[in-house]
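Read the structure below first, then the notes.
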Amino acid sequence: MSKTVSLYDLAKVLRSKNAGPFELTLDVIFESKESYFLVKNSGVITKELICKLYNVKEEDVFHLVFFDQALAFKVTMKRHVDSGSVGDTDVYGAQQHAPLMKISIPVKE
Amino acid sequence: MKELKILSPCGILGYGYPRNSFENGLKRKPDLIAVDAGSTDAGPHKLGAGVGIVSRQATKKDLEPMLIAGYEMQIPVIIGSAGGAGAKPHVEWTMDIIKEIVSDKGLNFKTAVIYADVDKSHVREKIAKNEIKPLGPAPELTKEALDQTNNIVGQMGHEPIVMALENGAQLIVAGRAYDPSVFAAYPIYKGFDSGLAYHLGKILECGALCAEPGTTKDCIMGYLRDDHFLVEPLNEKRKCYTTSVAAHTLYEKDHPYHLLGPGFELDLSGCTFEQFKEGIVKVSGSKYLKSERYTIKLEGAAQIAYRTLVIAGIRDPIMISNIEEIKGEVIEQVSDYFYEIPNDQYKILFHLYGKNGVMGPLEPETEVSHELGIVIEVVAVTQELANTICAAVRSTLMHFPYKGRKATAGNLAFLYSPSDIPFGPVYKFTIYHLDFVADPCELFSTKFVDL
Numbered sequence: 001m002s003k004t005v006s007l008y009d010l011a012k013v014l015r016s017k018n019a020g021p022f023e024l025t026l027d028v029i030f031e032s033k034e035s036y037f038l039v040k041n042s043g044v045i046t047k048e049l050i051c052k053l054y055n056v057k058e059e060d061v062f063h064l065v066f067f068d069q070a071l072a073f074k075v076t077m078k079r080h081v082d083s084g085s086v087g088d089t090d091v092y093g094a095q096q097h098a099p100l101m102k103i104s105i106p107v108k109e
Numbered sequence: 110m111k112e113l114k115i116l117s118p119c120g121i122l123g124y125g126y127p128r129n130s131f132e133n134g135l136k137r138k139p140d141l142i143a144v145d146a147g148s149t150d151a152g153p154h155k156l157g158a159g160v161g162i163v164s165r166q167a168t169k170k171d172l173e174p175m176l177i178a179g180y181e182m183q184i185p186v187i188i189g190s191a192g193g194a195g196a197k198p199h200v201e202w203t204m205d206i207i208k209e210i211v212s213d214k215g216l217n218f219k220t221a222v223i224y225a226d227v228d229k230s231h232v233r234e235k236i237a238k239n240e241i242k243p244l245g246p247a248p249e250l251t252k253e254a255l256d257q258t259n260n261i262v263g264q265m266g267h268e269p270i271v272m273a274l275e276n277g278a279q280l281i282v283a284g285r286a287y288d289p290s291v292f293a294a295y296p297i298y299k300g301f302d303s304g305l306a307y308h309l310g311k312i313l314e315c316g317a318l319c320a321e322p323g324t325t326k327d328c329i330m331g332y333l334r335d336d337h338f339l340v341e342p343l344n345e346k347r348k349c350y351t352t353s354v355a356a357h358t359l360y361e362k363d364h365p366y367h368l369l370g371p372g373f374e375l376d377l378s379g380c381t382f383e384q385f386k387e388g389i390v391k392v393s394g395s396k397y398l399k400s401e402r403y404t405i406k407l408e409g410a411a412q413i414a415y416r417t418l419v420i421a422g423i424r425d426p427i428m429i430s431n432i433e434e435i436k437g438e439v440i441e442q443v444s445d446y447f448y449e450i451p452n453d454q455y456k457i458l459f460h461l462y463g464k465n466g467v468m469g470p471l472e473p474e475t476e477v478s479h480e481l482g483i484v485i486e487v488v489a490v491t492q493e494l495a496n497t498i499c500a501a502v503r504s505t506l507m508h509f510p511y512k513g514r515k516a517t518a519g520n521l522a523f524l525y526s527p528s529d530i531p532f533g534p535v536y537k538f539t540i541y542h543l544d545f546v547a548d549p550c551e552l553f554s555t556k557f558v559d560l
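From first to last, the protein sequence lines are chains A and B.
Residues in the first sequence are numbered from 1 upward in steps of one, following my numbering.
Residues in the second sequence are numbered from 110 upward in steps of one, following my numbering.
Encoded structure:
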């Protein structure tokens, strides 16, 4: 049986924030190349997964980009309500990251 | 080797910084002190209402050592997005504080004030010429939305600031500016590489947030050289690591290595981050790519409603299990009672903390807490109507006879007496658009004053 490890355990930084008032961006940053490439090469991080986790449509996920030099990946999606407008519940978008923590990455035994 | 040293005291003017860190910065003999004072992060209220999110006292406390150091060391001091949103009331508020300090401390500066306010008539013309477009998922700008908008600002690039420097400004108070431009303008004026200057600016604009432990409330130093730059924290408790500096590069941007600014794209795909010394990071390879057409980002906010709210708690497990049904029935009962008021005059919202209060429809968890925090929110066309509807929702929910109820004395634990809080006006970003301009300076007007 293959083992898995959570993204929470692998990442050094795992956060969300506005990228302007109409977009929400998720950053996951790693300390070691091993962890970063384990996640990148696992193929687990896909738009499909983000859509499932956040209950959003694929066309509303604008970017899912890995940045090797920074040992990081970023996901940017449409905000369902613009920042600070009626019905918004997170003006800075700073508390939308938690669902990423439980993502399981397979590791070789 | 050419080198330019930039001291960034804190992430937002008025957030505060330790005196010791600032002193450490001055010991390194900076060539420039620059600070960003604004952001759209706190929502549309600042821009719409013409107010800030920091206090006057804190802003004065932060500005005083900067101005004294700038005067004594004869180095430029540049403040961007003055007053929080960088519209005229924000710039005047900042100038008022500066005048007080200059007169109290016997300083003097040739000062340039750069206004970033944009006229509605200009936007109307641009709409007609089809020379304005929504940025990303921002909605199209309608005539009604433009009419409703209270304040409009454009995010300046480095060009208007460079122009002020060319004209001998020692102190520059800029209205809304692209945050990194405030840091990049002086080095670009001095002939340094624009790509490195902007990338360094992007890192410095949040103070010590690029260090570990990261904070916007501490100083950071940038050393810009011919083909790289260094970032050094000025508090011995903090260190910069390649990961912390790289992490900050991505911060609040939609793409990790294509950063769009006024008139350019910053291409960081070929960047390297190296640990130069303990706590100091070296960055190279940042590229400035000139855009085909120069665009200025416009921001506008409009007052759209008034709000009244109630904060309370719910601990009864029977009520918690029925909460969705109760919400619907309360709204129905209140709108039935006020049948004479059209439904489009007000809106009732319930925020349930402990049940998707933070993430709303994005929340994947289904577990509900044993207690719920509830915010009853009513937005309406007038404050009076918001108060009226909110009072009715509050009393209806307080005594609502939900299915299976055993606690017949009351359904809510109010946090305060009185329970209802009139909030005042509610704003919305109506403009978040790119304006195609012929000249990077055309939207900005500069006034020189001798302080």
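Heads up, the beta-carbon is just placed ideally off N, CA and C, and yes, glycines get one too.
Please read all numbers here as calculations on a predicted model, not as lab measurements.
- Considering only B/Gly120, B/Ile312, B/Leu521 and B/Ala411, the residue with the shortest C-alpha distance to A/Ser85 is B/Ala411.
- For A/Phe37, no CB of chain B lies under 9 angstroms from its own CB, so it is not counted at the interface with that chain.
- In the three-state reduction of the DSSP assignment, B/Leu368 falls in the strand class, which pools E and B.
- For A/Ile50, no chain B residue has a Cβ inside 7 angstroms of its Cβ, as the nearest lies near 10 angstroms away.
- Within the DSSP secondary-structure output, B/Leu506 pairs in no beta bridge.
- Between A/Leu7 and A/Leu100, the gap from beta carbon to beta carbon is short of 9 angstroms.
- A/Gly20 and B/Tyr360 have their C-alpha atoms roughly 11 angstroms apart.
- Between B/Pro549 and B/Tyr397 a beta carbon distance of about 14 angstroms is seen, past the 8 angstroms cut, so the two are scored as non-contacting.
- Around the beta carbon of B/Leu250, 16 or more other beta carbons lie within 10 angstroms, which makes this residue buried.
- Cβ contact annotation for B/Phe523 (same chain, cutoff 6 angstroms, sequence separation greater than five): Ala421, in chain order.
- Chain-order list of chain B residues neighbouring A/Ser83: Thr149, Asp150, Ala151, Gly152, Pro153 and Phe538, by C-beta distance under 9 angstroms.
- About 31 angstroms separates the beta carbons of B/Ile405 and B/Leu339, which is beyond the 8 angstroms limit, so they are not a contact pair.
- Its chain contains Tyr403 as the residues whose beta carbon lies nearer than 8 angstroms to that of B/Ala547, once the 5 sequence neighbours on both sides are disregarded; these appear in chain order.
- When B/Gln492, B/Gly519 and B/Ile429 are compared, the shortest CA-CA separation from B/Glu476 is found for B/Ile429.
- The C-alpha of B/Asp327 is placed about 16 angstroms away from the C-alpha of B/Glu173.
- With at least 16 other beta carbons inside 10 angstroms of its own, A/Arg15 counts as buried.
- Within the DSSP bridge table, the entry for A/Pro106 names A/Thr4 as partners.
- Scanning its chain for C-beta atoms nearer than 8 angstroms, with the 5 sequence neighbours on each side dropped, one finds around B/Glu209 the residues Lys169, in chain order.
- In terms of Cα proximity to B/Asn260, the closest of B/Glu408, B/Ile207, B/Lys436 and B/Leu176 is B/Glu408.
- Listed along the chain, the chain B residues whose CB falls inside 8 angstroms of the CB of A/Val13 are Thr352 and Ala356.
- With a threshold of 9 angstroms between beta carbons, A/Asn55 makes contact with chain B.
- Distances from the CA of B/Val282 to each of B/Leu255, B/Lys399 and B/Leu122 were compared; the closest alpha carbon is that of B/Leu122.
- In terms of CA proximity to B/Gln279, B/Leu176 leads the group B/Gly469, B/Phe509 and B/Leu176.
- Residue state for B/Phe523 is assigned as strand, using DSSP reduced to three classes.
- Counting only the Cα atoms, B/Pro118 lies some 11 angstroms from B/Leu141.
- Among the bridge pairs identified by DSSP, B/Ile389 is matched with B/Lys386.
- C-alpha of B/Gly134 to C-alpha of B/Val232: approximately 42 angstroms in a straight line.
- No Cβ of chain B is located within less than 9 angstroms of the beta carbon of A/Thr4.
- Here DSSP, grouped into helix, strand and coil, assigns A/Leu24 to strand.
- Taking a C-beta distance under 9 angstroms as the contact criterion, B/Val262 and B/Ala221 do not qualify as a contact pair.
- Assigned with DSSP and collapsed to three states, B/Asp256 falls in helix.
- Against chain B, the CB of A/Thr46 has no partner CB under 9 angstroms away; the residue lies outside that interface.
- Residue range Val61 to Phe67 is occupied by the beta strand (DSSP E) that includes A/His63.
- Against chain A, the CB of B/Glu132 has no partner CB under 9 angstroms away; the residue lies outside that interface.
- Legend: CB atoms of the stretch 237 to 258 of chain B lying less than 8 angstroms from CB atoms of chain A belong to residues Leu244, Gly245, Pro246 and Ala247.
- CA-CA distance, B/Asp145 to B/Gly469, rounds to 32 angstroms.
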